[in-house]
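Numbering (UniProt numbering) for the sequence shown: 1 to 382.
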Amino acid sequence: MTTYTDKGEKHEQGRFLCFDHLTFWVGNAKQAASYYCNKLGFEPLAYQGLETGTREVVSHAVRQGKIIYVFSSALNPGNKEMGDHLVKHGDGVKDIAFTVEDCDFLVQVNTPSYNLLTSANPLYPPVATIMHLPYFLLSQKARERGNDSSSLCVFASIRPCRPSGKLNFIDHVVGNQPDDEMVPVVDWYQRNLLFHRFWSVDDKQLQTEFSALRSIVVANHEETVKMPINEPAMGKRKSQIQEYVEYYGGPGVQHIAMNTSDIITAIRNLKERGMEFMSVPDTYYSQLRENLKHSKVKVSEDLDVLQELKILVDYDDNGYLLQIFTKPVQDRPTVFLEVIQRHNHQGFGAGNFKSLFEAIEQDQHARGNLTILTPNGVSKNM
Ligand SMILES: [Fe+2]
């Protein structure tokens with residue numbers, strides 16, 4: 001594991017502040033938005049569709065704390081762009097928007113590197129294969145207004161009738177890349193957005209008996225926007241990253257981590273709402289109790305409760321984090337979600353990766369995808 005201290009070059013003016021929102025392209029925006037409201041405690045924020053004069057694409061925006069997701073679907077037959085996207089990727093994240101200061105300046109200084117499209121200025125990476133994501137830069141003022149478009153119809157506040165999800169803001173967004181494509185993407189972030197390397201792990205540190213991956217985290221100068229980029233590494237069996245890439249039809253967003261200040265209540269509530277999470281065996285907690293005896297850090301939450309809820313713990317001498325991962329949120333084994341609470345710890349749970357990956361591998365096996373890899377690249381089922 002490597003932590004980097006060099007933040008590199010800084011924009012002359014105009015900072016990246018935070019994740020603003022994520023847009024998903026899905027088969028049925030109404031039902032997708034409803035899933036996030038019912039199972040995760042989001043509330044309807046805005047709607048754009050036939051009734052608001054939008055004829056081609058319908059969008060439902062939902063919000064919880066500072067987290068905003070927008071779900072969009074085609075309204076008419078023959079929408080080739082959205083149709084092709086859906087056939088290839090299934091439901092997935094189409095773009096990531098950042099809130100920035102001085103949007104005009106940032107767009108202007110970066111214009112040579114970007115391919116500017118439409119009046120909303122989505123910024124496409126110059127290499128088409130990089131996650132297939134346009135990056136919208138939204139001005140801070142637009143964020144403060146609550147919307148970037150006057151054509152959205154804002155819902156009246158609706159009182160939640162079920163326990164709160166207690167999710168506050170987007171902590172990090174993770175992208176998966178095919179083999180050997182992680183470093184070029186990291187370079188792209190460094191060159192074009194002036195992000196820097198924040199943290200990395202290689203496949204020797206991130207492996208189970210069967211599979212392995214590499215990961216580099218890039219961050220903005222203030223380290224308020226963090227994006228881990230993964231790629232699969234050769235193991236005995238197919239990596240979960242490779243499984244993602246095959247089912248997503250290329251690179252894309254693997255998981256979105258949402259920060260909470262009370263993970264125990266959050267997960268109790270989300271489980272009550274019917275959200276499904278990955279589970280680790282009880283041996284994880286007996287090992288954890290043993291390891292914590294020799295640690296400088298003290299976990300203030302009750303370990304019995306963490307074990308009951310299957311919340312994972314990672315720590316160093318200065319602090320710890322608590323995290324848990326959902327099952328994939330669509331039928332394809334692609335995008336999933338994470339809930340994370342930090343106590344003076346800025347990692348991503350490297351100490352939990354092995355346990356987590358073993359849990360994922362069990363599901364991968366149930367899907368018939370934990371295939372054996374042979375030296376000539378042919379894989380076969382177990
Ligand atoms: Fe994560």
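Think of the CB as a built atom: it goes at the ideal place given N, C-alpha and C, for glycine as much as any other residue.
Distance cut-off 7 Å: residue i Cβ against heavy atoms of ligand 1
{"i": "A257", "result": "yes"}
{"i": "F348", "result": "yes"}
{"i": "H294", "result": "no"}
{"i": "V57", "result": "no"}
{"i": "E223", "result": "no"}
{"i": "S338", "result": "With the sequence shown as reference, residue 338 is identified as Glu, and Ser is not the correct amino acid for it. Yes, Cβ of E338 sits closer than 7 Å to a heavy atom of ligand 1."}
{"i": "H172", "result": "yes"}
Given residue i as reference, the closest of the options once Cα atoms are compared
{"i": "R63", "options": "L40, A350, T99, L322", "result": "L40"}
{"i": "V225", "options": "K238, P232, W199", "result": "W199"}
{"i": "L270", "options": "Q362, F353, H60, F325", "result": "F325"}
{"i": "A97", "options": "F19, K238, G349", "result": "F19"}
{"i": "F16", "options": "Y35, V70, G53, L194", "result": "L194"}
{"i": "P77", "options": "D95, Q364, K94, V57", "result": "V57"}
{"i": "T3", "options": "W25, E223, F71", "result": "E223"}
{"i": "D202", "options": "E101, Q190, G14, S215", "result": "S215"}
{"i": "D104", "options": "G14, G53, D187, R55", "result": "G14"}
{"i": "V297", "options": "L306, D314, T283", "result": "D314"}
{"i": "M1", "options": "D102, D262, G351", "result": "G351"}
{"i": "L306", "options": "Y69, D317, D282, N291", "result": "D282"}
{"i": "T23", "options": "N38, T99, V70, Y36", "result": "V70"}
{"i": "L322", "options": "V335, D331, N344", "result": "N344"}
{"i": "K238", "options": "L309, R367, Q205, F348", "result": "R367"}
{"i": "D317", "options": "N291, N38, H196, K310", "result": "N291"}
{"i": "M258", "options": "T5, Y285, H21, K7", "result": "H21"}
With 16 other Cβ atoms within 10 Å as the buried cut-off, status of residue i
{"i": "A46", "result": "buried"}
{"i": "G146", "result": "Unreliable positioning characterises G146 in this predicted model, as indicated by a pLDDT of 47, which lies under 50. A coordinate reading is not provided."}
{"i": "A359", "result": "buried"}
{"i": "S59", "result": "buried"}
{"i": "P333", "result": "buried"}
{"i": "K10", "result": "exposed"}
{"i": "S295", "result": "exposed"}
{"i": "E272", "result": "exposed"}
{"i": "E12", "result": "exposed"}
{"i": "A74", "result": "buried"}
{"i": "D171", "result": "buried"}
{"i": "Q287", "result": "exposed"}
{"i": "I372", "result": "exposed"}
{"i": "L50", "result": "exposed"}
{"i": "R289", "result": "exposed"}
{"i": "S261", "result": "exposed"}
{"i": "K94", "result": "buried"}
{"i": "N220", "result": "buried"}
{"i": "M234", "result": "exposed"}
{"i": "T99", "result": "buried"}
{"i": "N38", "result": "exposed"}
{"i": "E361", "result": "buried"}
{"i": "E308", "result": "exposed"}
- prompt: If we count Cβ pairs, one from each stretch, closer than 8 Å, do we get three or more for the segment 161-172 versus the segment 55-71?
  reply: yes
field: Any 3 or more C-beta pairs closer than 8 Å across the segment 277-286 and the segment 309-327
entry: yes
- prompt: Are three or more beta carbon pairs between the segment 171-183 and the segment 214-230 nearer than 8 Å?
  reply: yes
task: Would you check if there are 3 or more beta carbon pairs closer than 8 Å linking the segment 12-31 to the segment 260-268?
output: no
task: State whether the segment 241-251 contacts the segment 81-97, with contact taken as three or more CB pairs (one from each stretch) at a distance under 8 Å.
output: yes
- request: Please confirm if the segment 301-309 is in contact with the segment 209-216, defined as three or more CB-CB distances below 8 Å between the two stretches.
  value: No contact exists between the segment 301-309 and the segment 209-216.
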